[in-house]
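Which chain is which? The protein sequence lines are A and B, in order.
Going by our numbering, the first residue of the first sequence is number 12, and it counts up by one from there.
Going by our numbering, the first residue of the second sequence is number 12, and it counts up by one from there.
Each remark here refers to the structure printed beneath this line.
Protein chains: 2
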Amino acid sequence: MPKVKPQRIAETRPAKAPQPPVPATRRGELRRAALIDAARDIFLEQGFARASIDEVVQRVGGSKASVYQYFGSKEGLFGEMIAHQCQQLIDSAEFPGRGGAPGSDVEQVLLQFARRVVQLFLAPARIAMHRAMIAEAERFPELAERFYEAGPKRGLALLSAYLRSQHEAGTLDCPKPEWSAIQFMNLVRTYPMFRALHGMQPMPDGEDLDEFLQHAVRLFLDGCRIKR
Amino acid sequence: MPKVKPQRIAETRPAKAPQPPVPATRRGELRRAALIDAARDIFLEQGFARASIDEVVQRVGGSKASVYQYFGSKEGLFGEMIAHQCQQLIDSAEFPGRGGAPGSDVEQVLLQFARRVVQLFLAPARIAMHRAMIAEAERFPELAERFYEAGPKRGLALLSAYLRSQHEAGTLDCPKPEWSAIQFMNLVRTYPMFRALHGMQPMPDGEDLDEFLQHAVRLFLDGCRIKR
DNA sequence: GTGTTAATGTACTGAACGTTACAGTTCATT
DNA sequence: AATGAACTGTAACGTTCAGTACATTAACAC
Chain A
12 MPKVKPQRIA ETRPAKAPQP PVPATRRGEL RRAALIDAAR DIFLEQGFAR ASIDEVVQRV
72 GGSKASVYQY FGSKEGLFGE MIAHQCQQLI DSAEFPGRGG APGSDVEQVL LQFARRVVQL
132 FLAPARIAMH RAMIAEAERF PELAERFYEA GPKRGLALLS AYLRSQHEAG TLDCPKPEWS
192 AIQFMNLVRT YPMFRALHGM QPMPDGEDLD EFLQHAVRLF LDGCRIKR
Chain B
12 MPKVKPQRIA ETRPAKAPQP PVPATRRGEL RRAALIDAAR DIFLEQGFAR ASIDEVVQRV
72 GGSKASVYQY FGSKEGLFGE MIAHQCQQLI DSAEFPGRGG APGSDVEQVL LQFARRVVQL
132 FLAPARIAMH RAMIAEAERF PELAERFYEA GPKRGLALLS AYLRSQHEAG TLDCPKPEWS
192 AIQFMNLVRT YPMFRALHGM QPMPDGEDLD EFLQHAVRLF LDGCRIKR
């Protein structure tokens, strides 16, 4: 006896899963988490379009039914995976301390910050995620925004707060800290990230990279008319 | 820090079509060109994986047989399309004049350059191409490199030549023109391009954007210790 | 015109994939 | 232990799509 078909899908996209995406049992939670983990690997390795749900399921040994129970669709799975990654990003990415000790050298603080930023942005997982987000930005605009806010925006906020404090303390001449933060990030991050996104070999390694960062910091500080 | 790629990675990929990709008749040439045009639209709209050859063929009214005669495979078509775009890029993208008139204001020259760069890099077709290249960088490393050389590298070369000439003329203190060129480009290009690649709305429009560019140029010149 | 080669249109194949149905299994609670 | 709900495995459906076979048509040389 065939059950009543819920086939009356409206022309407009349902968008949000009508299924309850929250598992009610422990095993369910584990399966859900495992699926997200596997999805991350597959999606970030192959991109959304090329990735197949079968491969995700094979990797965790579960079954496709679970995917559709928890996530409703391939896009739903992708979205949850990205959201999960964003949360991890927020939890894991601590930047150098707030304003820095008052006595510490601004150039050193910024250099440390630059190193940390590059280290974060060049992590292979981060690059893969960046790639996936750029590739699918038009299909998932809300995810792109989420990613931006979980990642780059937090770094910018921290940095501009620091710059503002230094400006008010008279250590830097930095009347537009938000813009200056953007410019600092651009100086520091773009070149290696650009190469990484385009898969260009070789990546700038430790020594060269650090020299590049020092150069960038110095340029930035000259522009802010540091008083040493 | 532009490090030269030291050696070519062993190529397991067959890559080159065994078919003769050159049409011998006039109609063939036209068909081939039309296919590349349509392929550009479809691929840049949908990305490599989601694009379908049938759609490309439908758009020009031809048939799949031609695609496989001229390009051998979907990847072949994609590659030829990208190469064609790169050539167009080279042909079309003239930057502000070589060294600039000796008497002209450096700040104005750089600002003009910045405007031109942003205009070029933010063109929707360019953004779409960038997206496609980033998404498929791992599958088509040689194309990514070609794209880089047809696009960004040329701008960098022009700019660093200009910076070097100004350094030698004593107008700028710019002992490492290649690095400085990279940094200038990073300052000028990154922020709007980043937003565009991530599909974020709204894009910075005329007035704000120009103010941003002026800010960037000024920061750069302060760093180069311009003598006015 | 006639013959030869290149190019095209049609129709198909085989495989991959997203999605669903359903029956069997495990879990949580009483 | 019992029971109903949550969960999972199997297998299929319908579709899409890259790639191919082949017959037809256009282009060109003579």
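The beta-carbon is built from N, C-alpha and C at its ideal position, and this holds for glycine as well.
Computed from a predicted model, the values in this text were never measured in an experiment.
- Distance from the CA of tyrosine 81/A to the CA of glycine 87/A, rounded to the nearest whole angstrom, comes to 9 Å.
- Residue range 163 to 180 is occupied by the alpha helix (DSSP H) that includes proline 163/A.
- Taken through DSSP and simplified to helix, strand or coil, cysteine 235/B comes out as coil.
- Within chain B, no residue has its beta carbon less than 9 Å from that of tyrosine 173/A; the closest one is some 17 Å off.
- Here leucine 183/A carries a coil assignment [DSSP, helix/strand/coil].
- By the CB criterion at 8 Å, alanine 125/B and leucine 224/B fall inside the cutoff.
- Listed in chain order, the non-local C-beta contacts of histidine 95/B below 6 Å within the same chain comprise Ile47, local neighbours out to five positions each way being set aside.
- Identification of residues in the region 193 to 216 of chain A having a C-beta nearer than 7 Å to some C-beta of chain B yields Ile193, Gln194, Asn197, Leu198, Thr201, Tyr202, Leu208, His209, Gly210, Met211, Gln212, Pro213, Pro215, given in sequence order.
- Along the region 33 to 86 of chain A, the alpha helix (DSSP H) occurs as fully enclosed runs of 4 or more residues at 37 to 61, 64 to 71, 75 to 81, listed in sequence order.
- In the DSSP assignment, glutamate 189/B falls within the unbroken alpha helix (DSSP H) covering 188 to 208.
- Here DSSP, grouped into helix, strand and coil, assigns serine 115/B to coil.
- With respect to the 8 Å criterion, methionine 211/B and tyrosine 159/A are classified as neighbours on the basis of their beta carbons.
- A Cβ of chain B is located within less than 8 Å of the beta carbon of histidine 226/A.
- Any Cβ of chain A closer than 8 Å to the Cβ of arginine 236/B would place that residue at the interface, and such an atom is present.
- Around the beta carbon of proline 186/B, fewer than 16 other beta carbons lie within 10 angstroms, which makes this residue exposed.
- Annotated three-state conformation of phenylalanine 151/A is coil, per DSSP.
- For proline 215/A, no alpha helix (DSSP H) segment is defined, and its DSSP state is neither H nor E.
- Interface with chain A (8 Å Cβ-Cβ cutoff): leucine 230/B is included.
- Under a 10 Å Cβ-count criterion, glutamine 119/B is classified as exposed, with fewer than 16 other Cβ atoms of the shown protein chains found around its own Cβ.
- Of all residues in the region 149 to 172 of chain A, only Glu149, Pro152, Ala155, Glu156, Tyr159 come within less than 7 Å of chain B when Cβ atoms are compared, listed by chain position.
- Just measuring C-alpha positions, the residue of Glu189/A, Gly234/A, Cys97/A, Arg175/A sitting nearest glutamine 194/B is Gly234/A.
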